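Q: Residue numbers (my numbering), protein chains in the order written: chain G, 229 to 483; chain W, 5 to 401.
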Amino acid sequence: MSLLIAQGVSKSFGGLKAVQGFALELPERGLYGLIGPNGAGKTTVFNLLTGVYRPDEGTVKLAGRELTRLRPNRIAGEGLARTFQNIRLFGELSVIDNLKVACHLRCPHGMPAAVLRLAGHRAQERALAERCGRLLEMFGLASRAHEQARNLPYGDQRRLEIARAIATGPKVLLLDEPAAGMNPQEKKELRTLIRSVRDTFGLAVLLIEHDMGVVMDLCERITVLDYGKVIAHGPPEQVQKDPKVIEAYLGAPAA
Amino acid sequence: MNGRAWKNMASSDANLLSLITASRPGAAPTLLRSALPVVVIVALAVMAQVVLKGLLGGYYADLAITIGVNIVLAVSLTIVNGFTGQFSMGHAGFLAVGGYVSGAVTYYFSLTQWGSAAAAGGRLSGMPLSTEGLAWLGAGDVLFPVALLIGGLVSALLGLAVGLPSLRLRGDYLAIVTLGFGEIIRVVIQQSGPALKTPEAAEQAGVLGMATGLGGALGFGGLPKYTSLFWVVLFAGLTMLVAYRIKTSTSGRAMLSVREDEIAAEAMGVNTTRTKVWAFVIAAFFAGIAGGLYAHKLGVALGPVDAGFQRSFDIIIMVVLGGLGSISGAALAAVVVTMLPEYLRAVADYRMIIFALALILMMILRPKGLLGVREVWDADLWRGLFRRGKSAKGGGK
């Protein structure tokens with residue numbers, strides 16, 4: 229059975245049908261892509277899956293559990309993590325604190341333990357520092373652990389956002405244009421990074437991307453959106469040849 | 005990236021919880037380290053009362069008490085306006101609630117039990133013992149902290165009632181609601197009846213009569229004056245300690261993340277409503293304590309004005325000047341903002357103009373406040389200042 233299942237998900241803003249009848253089945257350890265021209269509704273799909281918007285219709289299930297009506301923080305708790313198209317780091321916080329916030333859900337010792345500095349709180353802080361430190365090491369950000377996140381170079385910020393999403397301990401990772409603004413070298417490293425993230429943590433990944441090089445190379449299957457509707461779905465080579473996709477991107481051929 | 009690190013990570017990922025809950029040796033040192041700052045604060049408070057009071061003399065000791073009360077207010081407001089980035093404009097409302105509630109407790113308890121509202125002696129308040137107390141504590145040493153605590157708790161409950169509906173929403177609703185809340189408290193206090201002067205009158209009026217006999221527009225006079233340097237240093241220290249411990253914990257980081265980006269915080273699993281409400285309730289609690297300290301201070305006539313917007317604005321100035329989110333910054337600003345008017349008596353009428361100008365200058369020169377989110381003891385603050393100084397020199401060439 230598939231890990232993440234979306235069925236008939238629709239959302240309108242006033243008269244604009246932003247997403248209509250979106251469907252997706254993402255298997256465990258799957259690496260799928262979501263593409264489409266600008267304004268096709270890709271980010272809206274992410275916002276619907278993660279609870280930022282509530283769908284008008286349709287259901288979203290993760291590992292058999294219904295996510296459709298949950299608040300975003302609960303959805304994160306069920307194991308759906310994301311990054312944002314326009315980076316949304318906690319700019320004033322240090323790099324490592326960005327990760328620690330994302331471990332929020334796995335920290336059983338709350339405010340009373342913190343105020344009294346109980347042993348549980350101390351152990352939790354130690355475990356957090358260790359775990360987040362190791363995550364930073366993996367993402368090559370260890371040397372910048374105590375810098376403010378907003379001072380990082382752009383590429384590092386993108387990577388930190390992925391690391392932060394992973395720190396929540398997800399089953400499925402949604403990446404919203406991870407390669408945007410990166411140079412070819414960074415894009416190449418990003419591809420390796422996404423693959424190793426998937427393999428190490430056993431995650432399923434769904435990514436929105438405009439860079440066709442990245443998408444065609446990484447993704448096992450691709451869903452194409454246009455005007456809020458799924459117009460194609462399949463392996464990269466099949467989608468590439470699909471006349472509807474070509475039409476959406478380049479316009480109808482002159483007959 | 006090396007492969008082994010990745011493998012380790014995956015396994016440690018699953019083990020985070022067990023790592024946290026695993027018992028570790030050395031429970032006793034932990035207790036010591038947890039309690040040590042509290043012991044230090046108590047020692048400082050005793051020293052302030054015994055040594056500092058004599059050194060400072062009456063006028064400056066009194067000023068120091070006002071500073072201490074303002075530190076509690078500024079640091080507590082920092083938890084809301086600084087940590088969570090929500091803008092509360094009615095902090096004085098909680099100050100007044102705490103002041104009036106604890107004032108009613110000490111006043112009417114003394115009146116009905118001891119026949120007089122005068123202070124019943126207290127070593128910690130620097131008074132001779134006039135009523136029999138415990139072995140070495142005066143009756144006031146027990147009554148006063150209990151009253152403060154009750155004032156703080158009632159204030160926190162009101163904070164919950166105000167915060168729960170207004171903090172569910174994103175945006176400026178809190179500012180509007182808290183502004184109204186302060187005014188409501190002010191008007192309600194104004195409508196209260198005159199304070200009851202004799203034990204018989206209090207007896208006759210019953211609990212409800214006492215609870216509504218708060219002096220009305222004239223102010224609640226005749227409260228026993230228990231507030232001393234000891235109590236003020238104690239609570240200023242405890243407020244800062246609690247704020248610091250929250251800031252450096254999971255809950256505090258959640259608060260800061262809400263300030264930085266609410267949508268991202270939610271996507272990372274932070275329950276933003278709960279986080280904001282908790283911050284607001286804790287801030288209301290300490291504001292209530294500050295109110296109690298203020299109400300029982302010599303020379304203060306607690307009145308409806310203390311709930312007003314002007315008072316709230318004074319506290320906001322301290323928080324903004326100090327740096328939104330900086331505990332030590334707020335405390336420092338509380339010292340400066342309290343002392344300045346004392347030295348600028350000549351231009352006292354223009355106080356608000358000077359503060360407004362200072363705020364505007366601050367917004368231009370250091371929009372994040374004196375210290376920003378950092379603390380005085382953060383090493384990178386000083387490194388940052390140093391570096392900026394050097395580069396400024398270089399730019400001057």
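Ideal Cβ positions, reconstructed from N, Cα and C, are used throughout, including at glycine.
Treat the numbers as computed from the prediction; the structure is a model and nothing was measured.
Along the chain, where does the alpha helix (DSSP H) that runs through A65/W open and close?
A: Residue mapping note: residue 65/W aligns to position 61 of the second sequence, counting from 1. A65/W -> alpha helix (DSSP H) spans K57 to L81.
Q: With a cut-off of 7 Å, does the C-beta of G400/W fall near any C-beta of chain G?
A: On the second sequence, position 396 is the one that residue 400/W refers to. Confidence at G400/W is low in this model, with a pLDDT of 33, below 50, so its placement is unreliable and no value can be given for it.
Q: Determine, using beta carbons only, whether F318/G comes closer than 7 Å to chain W.
A: Along the first sequence, one-based indexing puts residue 318/G at 90. For F318/G, the answer is yes, since a Cβ of chain W falls inside 7 Å of its Cβ.
Q: Could you name the residues of chain G that A271/W contacts, counting a contact when the two beta carbons are closer than 7 Å?
A: On the second sequence, residue 271/W is found 267 positions in, with the first residue counted as 1. T278, P300, A304 and R310, listed in chain order.
Q: Taking L254/G as the reference, give the member of E417/G, N411/G, E306/G and L402/G with the closest Cα.
A: Residue 254/G sits at position 26 when you count from the first residue of the first sequence. The shortest Cα separation from L254/G among E417/G, N411/G, E306/G and L402/G belongs to L402/G.
Q: Would you identify the three-state DSSP class for S253/W, choosing helix, strand or coil?
A: Locating residue 253/W in the second sequence gives position 249, where the first residue counts as 1. The answer is coil: DSSP assigns S253/W none of H, G, I, E or B.
Q: Excluding the 5 residues flanking I24/W on each side, which residues of the same chain have their C-beta closer than 8 Å to its C-beta?
A: Counting from one through the second sequence, the residue named residue 24/W turns up at place 20. Confidence at I24/W is low in this model, with a pLDDT of 47, below 50, so the placement of that residue should be treated as unreliable; the coordinate-derived value is given next. Same-chain partners within the cutoff: there are none.
Q: Assuming I303/G and G286/G are in contact, meaning their beta carbons sit under 8 Å apart, how far apart are those beta carbons, in whole angstroms?
A: Start at 1 with the first residue of the first sequence, and residue 303/G comes out as number 75. Start at 1 with the first residue of the first sequence, and residue 286/G comes out as number 58. Between G286/G and I303/G the Cβ distance is about 15 Å, and since that is not below 8 Å, they are no contact.
Q: Any beta carbon from chain W within less than 7 Å of H438/G's own beta carbon?
A: As a position in the first sequence, residue 438/G is number 210, starting the count at 1. Chain W contact via Cβ: absent.
Q: In or out: Y111/W buried (at least 16 other Cβ within 10 Å) or exposed?
A: In the second sequence, residue 111/W corresponds to position 107, counting from 1. Flag for Y111/W reads buried.
Q: Rounded to whole angstroms, what is the Cα-Cα separation between S27/W and R345/G?
A: Against the second sequence, residue 27/W aligns to sequence position 23. Against the first sequence, residue 345/G aligns to sequence position 117. The predicted model places S27/W with a pLDDT of 45, which falls under 50 and marks its position as unreliable, so this point remains unresolved.
Q: Name the chain G residues whose beta carbon is nearer than 9 Å to that of I267/W?
A: Numbered from 1 along the second sequence, position 263 holds the residue referred to as residue 267/W. Here the neighbours are V280, P300, F312 and R316.
Q: In chain G, which residues lie less than 9 Å from N85/W when you measure between Cβ atoms?
A: On the second sequence, position 81 is the one that residue 85/W refers to. Here the premise fails: no neighbours, minimum Cβ distance about 14 Å.
Q: Would T402/W and E270/W be called neighbours here (beta carbons separated by less than 7 Å)?
A: This structure cannot settle anything about residue 402/W, because the visible part of chain W is limited to 5 through 401.
Q: Closer than 9 Å by beta-carbon distance: list the chain W residues that pair up with R350/G, in chain order.
A: Position 122 of the first sequence, counted from the start, is the residue given in the question as residue 350/G. Per Cβ cutoff of 9 Å: R28, T34, R37 and S38.
Q: Of all the residues that make up the region 239–262 of chain W, which are near chain G by a beta-carbon distance shorter than 7 Å?
A: Listed by position, the residues of the region 239–262 of chain W near chain G (Cβ gap below 7 Å) are V246, R249, I250, S253, T254, S255, R257, A258, L260 and S261.
Q: Could you list which residues in chain W have their beta carbon closer than 7 Å to that of C335/G, in chain order?
A: Translated into the one-based positions of the first sequence, residue 335/G becomes position 107. In chain order: T254.
Q: Who are the neighbours of R392/G on chain W, taking C-beta pairs under 9 Å?
A: Here residue 392/G refers to the residue found at position 164 when the first sequence is read from its first residue. In chain order: A268 and M272.
Q: Enumerate, from N- to C-terminal direction, the unbroken beta strand (DSSP E) stretches of 3 or more residues contained entirely within the region 302–332 of chain G.
A: List check, beta strand (DSSP E) in window: 308–310.
Q: Is there at least one Cβ from chain G nearer than 7 Å to V377/W's Cβ?
A: Residue mapping note: residue 377/W aligns to position 373 of the second sequence, counting from 1. At least one chain G Cβ lies under 7 Å of V377/W.
Q: Is the shortest distance between the beta-carbon of G258/G and the beta-carbons of chain W less than 7 Å?
A: For the purposes of this step, residue 258/G is taken as the residue at position 30 of the first sequence. Answer no: the Cβ-Cβ gap between G258/G and chain W never drops below 7 Å.
Q: Applying the 10 Å Cβ sphere with the 16-neighbour rule, what's the burial state of T428/G?
A: Looking up residue 428/G in the first sequence gives position 200. It is buried - the Cβ of T428/G has at least 16 other Cβ atoms within 10 Å.
Q: Using the Cα positions of A151/W and F87/W, report the straight-line distance between them to the nearest angstrom.
A: Here residue 151/W is taken as the residue at index 147 of the second sequence, counted from 1. Here residue 87/W is taken as the residue at index 83 of the second sequence, counted from 1. Going by the C-alpha atoms only, they are around 28 Å apart.
Q: Under the rule that 16 or more other beta-carbon atoms within 10 Å means buried, what is R378/G, buried or exposed?
A: Walking along the first sequence from the start, residue 378/G turns up at place 150. So R378/G counts as exposed.
Q: By a C-beta neighbour count over all protein chains shown, 10 Å radius and 16 as the cutoff for buried, is Q248/G buried or exposed?
A: Taking the first residue of the first sequence as 1, we reach residue 248/G at position 20. Its Cβ being crowded by 16 or more others within 10 Å, Q248/G is buried.
Q: Which residues mark the beginning and the end of the beta strand (DSSP E) in which E253/G is found?
A: To locate residue 253/G, count along the first sequence from 1; it is residue 25. L244 to L254 is the span of the beta strand (DSSP E), which, as asked, contains E253/G.
Q: Quick check: is the beta carbon of L321/G nearer than 7 Å to any beta carbon in chain W?
A: On the first sequence, position 93 is the one that residue 321/G refers to. It does: the Cβ of L321/G has a partner Cβ on chain W nearer than 7 Å.
Q: Reducing DSSP to helix, strand and coil, say where Q314/W ends up.
A: Working through the second sequence from its first residue, we reach residue 314/W at position 310. DSSP places Q314/W in helix when its eight states are reduced to three.
Q: Nearest-angstrom Cα distance between P29/W and S106/W?
A: Reading the second sequence from its first residue, position 25 is the one you call residue 29/W. Reading the second sequence from its first residue, position 102 is the one you call residue 106/W. Low confidence applies here, because P29/W scores a pLDDT of 48, under 50, leaving its location unreliable and the question unanswered by this model.
Q: In angstroms, rounded to a whole number, what distance separates the CA positions of R263/W and L178/W?
A: As a first step, residue 263/W is located in the second sequence; it is residue number 259 there, counting from the start. As a first step, residue 178/W is located in the second sequence; it is residue number 174 there, counting from the start. Distance between the alpha carbons of R263/W and L178/W: 14 Å.
Q: Using DSSP bridges, identify the partner residues of R449/G.
A: The sequence position of residue 449/G within the first sequence is 221, counting from 1. Looking at the DSSP assignment, R449/G forms a beta bridge with Y260/G.
Q: What's the C-alpha gap between A357/G and G273/W?
A: In the first sequence, the residue the question calls residue 357/G occupies position 129. In the second sequence, the residue the question calls residue 273/W occupies position 269. When rounded, the distance between both Cα atoms is 18 Å.
Q: Which of helix, strand or coil does DSSP assign to K301/W?
A: Translated into the one-based positions of the second sequence, residue 301/W becomes position 297. Here K301/W sits in coil by DSSP.
Q: Report the three-state DSSP secondary structure of G286/G (helix, strand or coil).
A: In the first sequence, residue 286/G corresponds to position 58, counting from 1. G286/G: strand per DSSP, three-state reduction.
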